[in-house]
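In the numbering used here, the protein residues as written are 312 to 807.
In this text, a Cβ means the ideal position worked out from N, Cα and C, and glycines have one as well.
Below you'll find the structure, written out as structure tokens, and then a few comments.
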């Protein structure tokens, strides 16, 4: 969730192998998001009254007759507070010093003004102002006037290579015109993804359970999957219909040594593009169709049709009735939200709502915001996420989230609102990412917050997405501060 920047042409509700069958599963899949806590506890955590929240949690956990989900909901709020503290690790002195190292003439009054005005993301926790770990870098990114004061001047953070018009986009459009509805411009890639638990994070001789994200084959999007190797060699690959697919492994710890897990595989990734004629797009009652109904529904906590969400939708959509034109308006409005480094998703109550109000958001947050808005307008929308990379830009790769929307008669078409509108007068190219995807991304997940196979025992570190991996032992979950991850890739010759 760092910065980056299916089949098409099918009749309405015609089942496409590997796509709509997947979507029907998605509509009935078990949720793996943490259970909600008592509203009073959630409210205390949201306003930073952690001491009171902890006291109330302890009192409720001591109550007889708590249901298992009620207990887990309370326990997660306790864990959520711990994670929030990790995300907001800077006190006032540390945050001010971090800025002053780059803006030597910073005045205390300015720092206070930037905090009060929200330019520096902070949270009051038990009466103390704490600053988000990325608040300073986000402020420089979002406020050029402040960034201009950095001494010496710092290089502006680069965007992904496909966030501006690129020859690959034009190649994809031309190939898709020649072969409507097909995956085009295939690229074969080898990936090795690893997860390394730090020495002595778990006592010696204990068993660590690890899950590393793993793709599934999707007709016309990613094909020819071949598992090359794993370490340890004994592993369990989740079934191909698992919506958050992983390779599962176990390994015993050795005192003073890291514990490393890895998976290598080859895959052919295809680009997609649909040239959408708005006049052909039809309004349908998606809620009346079992294959689509779940994709126009709310799914708390991250897809909720709140009053604020409805008001935003009404302002943007106006009296437009054409589904594609509605999608264009919403896509452009969400694309206007500037990118900013995000807190860990497990610490945020509602990611879509957060993106609406925070003033900046990352890829998963804006994707869930757009999904919410589309669903509110009767347009089916679903999630996809994984990793992106580029053979043009050495060293460029990052986690990324995007989605798909359903437009009759075109079927499911992709959308990437983080990459957003491209700066060009060519309409096909400008709207490339509303109906198209490049061939430099691997999807691990076809939904958010879905169970692993085998299931985790303890709370996940990432409760929404699955891109870095997960690890635990019998003593509990291993959080992100206890292990490192890596995603290494190389392009391979195309398979004839």
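- The region 742–762 and the region 618–631 do not touch, with fewer than 3 CB-CB distances between them shorter than 8 angstroms.
- Straight across, the Cα-Cα distance linking residue 611 with residue 650 is about 24 angstroms.
- In the structure shown, the three-state DSSP call for residue 570 is strand.
- Between residue 770 and residue 798, the alpha-carbon positions lie close to 23 angstroms from each other.
- Three or more beta-carbon pairs separated by less than 8 angstroms link the region 767–785 to the region 503–521, which places the two stretches in contact.
- When DSSP states are grouped into helix, strand and coil, residue 451 belongs to the helix group.
- Comparing alpha carbon positions, the residue from 390, 378, 526 closest to residue 790 is 390.
- When only Cα atoms are considered, residue 768 and residue 440 end up about 34 angstroms apart.
- Within the region 334–379, the runs of alpha helix (DSSP H) that reach at least 4 residues and sit entirely inside it are, in chain order, 350–357, 361–372.
- By the 16-neighbour rule on beta-carbons within 10 angstroms, residue 695 is buried.
- Residue 484: not part of any beta strand (DSSP E); member of the alpha helix (DSSP H) spanning 478–489, first to last residue.
- Here residue 803 is exposed. Its C-beta has fewer than 16 other C-beta atoms within 10 Å.
- For residue 623, there is no enclosing beta strand (DSSP E); the enclosing alpha helix (DSSP H) has its first and last residue at 618–628.
- One Cα belongs to residue 682, the other to residue 692, and the distance between them is close to 5 angstroms.
- By the beta-carbon neighbour count (other beta carbons within 10 angstroms, threshold 16), residue 725 is buried.
- Taking each of 788, 795, 794, 766 in turn and checking the Cα distance to residue 342, the smallest one comes out for 766.
- For the 7 angstroms CB-CB criterion, residue 661 and residue 589 do not form a contact.
- When the Cα atoms are used, residue 412 and residue 401 turn out to be separated by approximately 15 angstroms.
- Counting C-beta pairs closer than 8 angstroms gives three or more between the region 350–366 and the region 380–396, which meets the contact rule.
- Relative to the Cα of residue 646, the nearest Cα in the group 434, 674, 631 belongs to 674.
- Secondary structure note for residue 801: its beta strand (DSSP E) is the uninterrupted segment 794–803.
- With respect to the 7 angstroms criterion, residue 655 and residue 394 are classified as neighbours on the basis of their beta carbons.
- Counted as a single uninterrupted DSSP element, the alpha helix (DSSP H) harbouring residue 668 occupies residues 662–668.
- Of all alpha-carbon atoms in 775, 744, 746, the one lying nearest the alpha-carbon of residue 759 is that of 775.
- Residue 585 has its alpha-carbon roughly 8 angstroms from the corresponding atom of residue 488.
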